[in-house]
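Here's the structure we're looking at; comments come further down.
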Amino acid sequence: MTYTTKDIVEILGIAESTLRNWIGEGYVDCSYATKDKRKKRVFSYEQAQLIIEFNGFVKMGFKRAIAAKCAKRRFYFANLFNIRENHVTLMTKRLQEKGEVVK
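Convert by adding 1 to the 1-based position in the sequence shown; the result is the number in the working numbering.
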């Protein structure tokens with residue numbers, strides 16, 4: 002399952018330019034897909050989880066470079082121990098409210 006920039010922006014309630022800046026500065030990763038001869042940013046489920054973690058640390062007041070490291074560590078350990086974070090559950094609920102099927 003992949004998400005577009007618009008999906009991520011709607012889930013987090015942030016500006017699209019903020020997400021583009023995070024990508025450009027290297028704090029978060031994205032993939033690219035070609036659609037109608039244009040490159041579009043798409044995010045895998047794991048990348049979306051990482052962006053949600055990163056946004057949480059930024060909202061707590063961490064500087065972005067430190068927030069990126071903390072998000073990656075938390076994401077790594079959550080997956081290592083199969084812990085489902087509250088943010089991921091929230092993301093799934095919001096997508097279901099929009100009427101999208103979550104697998």
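A virtual CB, placed ideally from N, CA and C, is assigned to each residue, including glycine.
Here the structure is a predicted model, which is why all the values come from computation and not from measurement.
From which residue to which residue does the beta strand (DSSP E) around residue i run?
i   : result
A34 : S32 to K36
Y46 : Segment Y46 to K60 is the alpha helix (DSSP H) holding Y46; no beta strand (DSSP E) there.
For residue i, which residues in the same chain have their Cβ closer than 7 Å to its Cβ, ignoring the five residues on either side in sequence?
i   : result
I9  : L20, F44, A49 and I52
F76 : Q50, L51 and E54
A69 : Y28 and F55
So residue i is in the alpha helix (DSSP H); what residue range does that whole segment cover?
i   : result
V10 : T6 to L13
G25 : E17 to G25
Which residues in the same chain as residue i place their Cβ atom closer than 6 Å to its Cβ, once the five residues preceding and following it in sequence are excluded?
i   : result
D30 : Q48
S32 : V43
Given this structure, state the Cα-to-Cα distance separating residue i from residue j, to the nearest angstrom.
i   : j   : result
T3  : K60 : 25 Å
E54 : R39 : 29 Å
F58 : I67 : 9 Å
N22 : I15 : 12 Å
A72 : I12 : 17 Å
Assuming residue i and residue j are in contact, meaning their beta carbons sit under 8 Å apart, how far apart are those beta carbons, in whole angstroms?
i  : j   : result
T6 : R65 : Contact flag wrong, Cβ pair sits at about 18 Å.
Return the chain-ordered list of same chain residues with a C-beta closer than 8 Å to the C-beta of residue i, the five sequence neighbours on each side being excluded.
i   : result
T35 : K41
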